[in-house]
Each structure stands twice: as structure tokens, then as C-alpha cells.
Amino acid sequence: MKKNLRKFFQEIFASLSSKAYKKHDLKVILITGWAGTSIVREMVYHLLKPSSNVRRNTTEVWWDMSVPLTILGYEDRRRNLLEWAFLILKASLSLVLRPRYAHTVIINLDSSIEDTAKYWFKSINPDKIVVLKERPESKVLKNLLSIQGIESSTFIFNPQQHHQIETTVKKKFTYSTDDPDLSYTRKKDLLVIKYKNEQVSIKIPRRSKFIWEFIPPALAVGLNHGIPLKDMGESLSSFSYHPRQVERAVFNLKKFVHDDE
């Protein structure tokens, strides 16, 4: 009984989120990978917020209802039967009565929680997909690459780490130490970023030697959004890293490296 009810609610909210996506012309930025997705999510939100209508998931994606609830703009939590029924009614009325509101939604999905790959976008194609450190056999990545219409999405990734994406996708924006799109060089406590004829230097946080790896992908998203590199360099100088997010990212990153050895 519970299994059937859960499947019923999945179908209902998948349909509602799909309709909201189309009506409001939502631009979805998806950030996926083994480590640091929440840090990059917060960086991207920090960079886009001053010039765009943007929101993001504030609870980590943890079950099959997380994505549709985030798309619809509702709190991602469990509810009883009556609460789910009320939310369906509320979301349905909102689709009918609320005027069109074009904006961007940022969603991060940590691939260390592989169960979330069982339920994914069926009728929502992310505008941009940021792939951080990821394994070729990743269930999440395989699901993303198999989405119908995924050729319209721009993949943002490091080609030195993701050769399979490089040869698979049509639209891409890449970053690496010697990349024609966005290149970076680490010089002691500074990260030097180059894009076309522009260059900025960003101070690397002392709290972790790994944190600098998450700066280039966030900047790549901003550049794709039309934000000048200089403005983003200044903006990130005031960015505050959440200690718990840093701790989790470092733990997953070390595990990622250890498992590959």
C-alpha cells in the first residue's frame, strides 16, 4: 500500500514540476559529482544572486522527491498523507493562478548518495550541468547522458578528469590548467584564472588545501551566465565557506582519491 502511494505521489509531483518548469521557463543548473557539490552550489548562488532571479535547494538531495519539490519551490521534507494531499492542491492552484515568473534554480546532487539516481529528470532538461570529480561508471552521470534532449544542455567540466563527457556531449564549456575556455594556475595561496583576455587572482582559503578546486567550475557557470570575470573575482573575495560543507567535501574527496588508488 505504502509503495503504491509513494509511486502515485512520485508521478503527481513529477507532472506538477514538469508543468511548472515549462510555464515559468525555468533554467535549471545542476551540479553533480563525488565531492564539493554543495560548495559549488553556494558559490554559484552567491555569484548569480545580485543580477538574476535565482533560488537553490537548501537541503541536500536525499530521496526521490527532492528534485520535484525543489523545482516547485516547496520545503523538502517528509509529510503525512493529508499534508501531501494539501500540497498537491496548493501546487495545482499555484500553476493556474500564479503569473509566469522566469528564474533560475540551482540543484546539487552529491553522487556519494547513489540511491538518488533511481529517480531523475524525466521531462526537465537542465540548462547547465556541472560535473565535478565523477567516475565513468556513475549512475547519476549515466542517467544524465541518457536523458532525451540532453544535447540542448551545456556541460561544464574538467576534460582532464572526464574524457567520456568530452567525446559524448555537443555543448560544453571546459576548465583546466591549460584549457582554451577557462584556465587556472595555482601560485601558493592564489588561484590565477584566465579567460580570453581577462585575468583575476583569487585568494585561496587557508582552511583546506582542496577548496581551490571548486572555484573554477563556479566561475565557469558565471561566465556562461554573462557575468564578467573581474566582477566574480571581487565577489568571491567576500564569499563565506560553510565549515560543515567543507568538512564533507574534503572527506568525500579523500575517499574518491583513495578508492581510485
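Residue numbers (numbering that gives the first Met the number 0): 0 to 260.
Glycine is no exception: its CB is placed at the ideal position from the N, C-alpha and C atoms.
Please read these numbers as outputs of a predicted model, since none were measured by experiment.
Compare the beta carbon distance of residue i and residue j with 7 Å and say whether it is the shorter of the two.
i: Lys-15; j: Ala-84; result: First, the residue type needs correcting, since residue 15 is Leu and not Lys in the sequence shown. Cβ distance not < 7 Å, so Leu-15 and Ala-84 don't count as in contact.
i: Val-327; j: Val-27; result: Nothing in the structure corresponds to residue 327, since the chain is present only between 0 and 260.
i: Leu-210; j: Gly-232; result: Reading off the sequence shown, one finds Ile at residue 210, where the question assumed Leu. The answer is no: Cβ separation not under 7 Å.
i: Leu-29; j: Ile-128; result: yes
i: Phe-156; j: Val-130; result: yes
i: Ser-152; j: Pro-125; result: yes
i: Ser-234; j: Leu-46; result: yes
i: Leu-190; j: Ile-203; result: yes
i: Leu-181; j: Thr-167; result: no
i: Ile-123; j: Tyr-20; result: yes
i: Phe-238; j: Gly-35; result: no
i: Ser-137; j: Pro-158; result: no
Should residue i go down as buried or exposed, given a rule of 16 or more other Cβ atoms within 10 Å for buried?
i: Leu-108; result: buried
i: Phe-7; result: exposed
i: Thr-58; result: exposed
i: Leu-80; result: exposed
i: Asp-188; result: exposed
i: Ala-101; result: exposed
i: Phe-154; result: buried
i: Phe-250; result: exposed
i: Val-95; result: exposed
i: Pro-67; result: buried
i: Leu-4; result: exposed
i: Ser-50; result: exposed
i: Ser-271; result: A query on residue 271 cannot be resolved here, the shown segment of the chain reaching from 0 to 260 and no further.
i: Leu-228; result: buried
i: Arg-247; result: buried
i: Gly-221; result: buried
i: Leu-25; result: buried
i: His-162; result: exposed
i: Leu-92; result: exposed
Assuming residue i and residue j make a contact with CB atoms under 8 Å, what is their CB distance in whole Å?
i: Pro-215; j: Tyr-183; result: 5 Å
i: Glu-33; j: Lys-141; result: Here residue 33 is Trp; the residue named in the question, Glu, does not match the sequence. Trp-33 to Lys-141, Cβ: 14 Å. No contact.
i: Arg-40; j: Arg-54; result: Not quite, the Cβ-Cβ distance comes to about 11 Å (not below 8 Å), so this is no contact.
i: Gln-244; j: Ile-38; result: 5 Å
i: Arg-99; j: Lys-22; result: 6 Å
i: Arg-78; j: Leu-86; result: 7 Å
i: Val-139; j: Thr-31; result: 5 Å
i: Asp-63; j: Gln-9; result: 6 Å
Can you give me the start and stop residues for the beta strand (DSSP E) that residue i sits inside?
i: Gly-232; result: Taken as a continuous stretch (DSSP letters only), Gly-232 belongs to no beta strand (DSSP E), being part of the alpha helix (DSSP H) at 228-235.
i: Ser-182; result: 181-186
i: Leu-108; result: 103-109
i: Leu-189; result: 189-194
i: Lys-169; result: Premise fails: Lys-169 is in no beta strand (DSSP E) and is neither H nor E.
I need the boundaries of the alpha helix (DSSP H) containing residue i, first residue and last residue.
i: Ile-11; result: 1-22
i: Asn-223; result: 214-223
i: Thr-153; result: Thr-153 -> not in any alpha helix (DSSP H); beta strand (DSSP E) instead, spanning 153-156.
i: Glu-197; result: It is not in any alpha helix (DSSP H) - Glu-197 instead sits in the beta strand (DSSP E) that spans 197-202.
i: Asn-124; result: Segment: none, Asn-124 is in no alpha helix (DSSP H) and carries neither H nor E.
i: Ser-93; result: 80-96
i: Lys-138; result: 138-144
Suppose only complete runs of 3+ residues qualify. What are the beta strand (DSSP E) ranges in the region 26-78, listed by chain order?
26-32, 53-55
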